[in-house]
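Reviewing the structure listed below.
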Amino acid sequence: MRRINRSALVPYTAREMFVLVDDVAAYPDFLPWCNSAEVHSRSDDIVEADIVEATLELKMGAVSKTFTTRNLRRKFESIDLALLGGPFKHLSGGWRFKDLGNDGSKVSLDLEFEFSSRLVDMMFGSFFEEACNSLIDAFSRRAAAVYGRAKHD
């Protein structure tokens with residue numbers, strides 16, 4: 001099983017970063033390896049949290065893989081991912097967002113994954129791990145593009 005544990009201090013609020021990570025439909029606009037993204041359902045009926053189901057298509061050269069997750073969203077605090085379908089035997093983890101006052105926020109990503117076969121792991125494993133490791137940097141760049149220069153600088 002592979003594990004990803006990344007975090008960064010960013011000069012944006014937890015709310016601002018949560019909004020970007022939560023906007024799954026926009027992923028193909030700024031993640032070069034994300035070929036498509038589709039939100040299937042979004043339930044806003046839970047008081048403290050809600051659920052989003054979405055599918056991503058990741059592309060590496062001529063090879064593409066799709067997977068679907070159920071995301072439990074605690075507004076502006078966390079997004080927990082659970083696998084619904086795709087080339088994984090196991091995929092779980094999530095995002096955490098913590099305000100640090102005037103210094104911005106801390107964004108963390110923790111994932112565990114294992115592909116359903118050795119062949120898929122050999123073809124796609126390193127690419128998927130590298131893509132996951134680049135996510136926090138990609139969302140930091142997205143924040144600069146969407147929100148402009150951080151207010152905290």
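Going by the working numbering, 120 is the number at position 120 of the sequence shown; the sequence numbering is gapless.
All C-beta atoms in this analysis are idealised placements derived from N, C-alpha and C, irrespective of residue type, glycine included.
Asked: Just the Cα atoms here: how many angstroms apart are residue 86 and residue 123?; Found: 15 Å
Asked: For the 8 Å Cβ check, are there 3 or more pairs between the stretch 97-111 and the stretch 2-22?; Found: yes
Asked: Where does residue 114 sit, in a helix, a strand or coil, going by DSSP?; Found: strand
Asked: On the premise that residue 8 lies in contact with residue 136, defined as a C-beta separation below 8 Å, what is that separation, rounded to the nearest angstrom?; Found: 5 Å
Asked: Here's the rule I'm using: 16 or more other beta-carbon atoms within 10 Å means buried, otherwise exposed. How should residue 52 be labelled?; Found: buried
Asked: Return the CA-CA distance between residue 153 and residue 141, expressed in angstroms with no decimal places.; Found: Reliability of the predicted coordinates at residue 153 is poor, the pLDDT of 47 falling under 50, and no value is obtained from them.
Asked: Which residues mark the beginning and the end of the beta strand (DSSP E) in which residue 91 is found?; Found: 88-99
Asked: Enumerate in chain order the residues of its own chain whose CB-to-CB distance from residue 121 is below 7 Å, with the five nearest sequence positions on each side excluded.; Found: 115
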